[in-house]
Amino acid sequence: MDSSEFFDFLTTRCSVREYSKEPVKPDEVEYILDCASTAPSAGNLEAWDVVLVPDEGVREVLSHAAFDQPHVENAAVLFVVCANYVRSMSRYGERGILYAVQDATIACTYMMLAAHSIRLQACWVGAFDEEEVRQVLKLPQHVRPLAILCVGKGTPPGHYTERMSIAEHVHEDVW
Ligand SMILES: Cc1cc2nc3c(=O)[nH]c(=O)nc-3n(C[C@H](O)[C@H](O)[C@H](O)COP(=O)(O)O)c2cc1C
Numbered sequence: 319m320d321s322s323e324f325f326d327f328l329t330t331r332c333s334v335r336e337y338s339k340e341p342v343k344p345d346e347v348e349y350i351l352d353c354a355s356t357a358p359s360a361g362n363l364e365a366w367d368v369v370l371v372p373d374e375g376v377r378e379v380l381s382h383a384a385f386d387q388p389h390v391e392n393a394a395v396l397f398v399v400c401a402n403y404v405r406s407m408s409r410y411g412e413r414g415i416l417y418a419v420q421d422a423t424i425a426c427t428y429m430m431l432a433a434h435s436i437r438l439q440a441c442w443v444g445a446f447d448e449e450e451v452r453q454v455l456k457l458p459q460h461v462r463p464l465a466i467l468c469v470g471k472g473t474p475p476g477h478y479t480e481r482m483s484i485a486e487h488v489h490e491d492v493w
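If you read the sequence shown in our numbering, its first letter stands for residue 319, the second for the next number, and so on.
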């Protein structure tokens, strides 16, 4: 893939919040997870975990936990990506909290891009009641749910969300 193909790949991804009933196949789920496991991580500790949620009933409850966002219920499968503090803190102490958040965020980004690469649609959902998600998924205390990645077959809108200009982000030498 050359640089323009890569840029094209990135700019043709967008959040899709409506999905058909078509299931995501087990080999597609496996591919998305394989891609996530190539992500870099602090000390190569891979301080992330994921709870897969194909079950409609659990998706419905998670949708309520996500302030009734319908795409959480309607996606074919959810990837609930969690930071695993213990894995990272065992080597890095307090700093490991930050590393685990970064590791999990990168892994989730890879999952989202992996879904796009096989023509599935996705939406990253960060707005949810953490305690509710913890309870529903029986998460242990040492992991923190960071994102619910909704994945399914949908129709991309064909127009892409505007971005700030690069100049608004970039500071040279000093802020
Ligand atoms: C950290 C984070 C949290 C987000 N939370 C939500 C959310 O709760 N619900 C939702 O529908 N989209 C959510 N999004 C998706 C953004 O709205 C979307 O990425 C942004 O508007 C840019 O659009 P695009 O993904 O189509 O390029 C989130 C994205 C990120 C990265």
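Here a beta-carbon is modelled for each residue, glycine too, at the ideal position from N, C-alpha and C. Predicted model, so just to flag it, every value in this text is computed and none were measured.
Between the options, which lies nearest to residue i when the distance is taken from Cα to Cα?
i	options	result
Thr330	Met482, His477 and Leu455	His477
Ala384	Pro475, Pro458 and Leu464	Leu464
Phe324	Leu431, Trp493, Ser338 and Ile415	Leu431
Leu355	Trp366, Glu490 and Leu467	Here residue 355 turns out to be Ser, not Leu, going by the sequence shown. Checking every option, the nearest Cα to that of Ser355 belongs to Trp366.
Asn362	Leu457, Ile424 and Val376	Ile424
Ser381	Leu351, Asp447, Ala401 and Pro344	Asp447
Val451	Val368, Glu490 and Pro475	Val368
On the criterion of 16 or more Cβ atoms from any shown chain inside 10 Å, does residue i qualify as buried, or is it exposed?
i	result
Arg405	buried
Leu438	buried
Trp493	exposed
Val469	buried
Ala401	buried
For residue i versus residue j, is the C-beta distance shorter than 8 Å?
i	j	result
Val342	Ala418	no
Cys332	Met429	no
Val461	Val379	no
Glu364	Asp421	yes
Leu467	Phe397	yes
Tyr410	Ala360	yes
Tyr337	Asn392	yes
With residue i and residue j assumed to form a contact (beta carbons below 8 Å), what rounded beta-carbon distance in angstroms separates them?
i	j	result
Val347	Leu370	7 Å
Glu374	Lys471	Not a contact, Cβ separation roughly 16 Å.
Cys441	Arg335	5 Å
Three or more C-beta pairs below 8 Å linking the segment 426-436 and the segment 381-395: No, the segment 426-436 does not touch the segment 381-395.
The segment 479-493 / the segment 408-416 touching (three or more Cβ pairs under 8 Å): For the pair of segments examined, the segment 479-493 was found not to touch the segment 408-416: the number of CB pairs separated by less than 8 Å stays below three.
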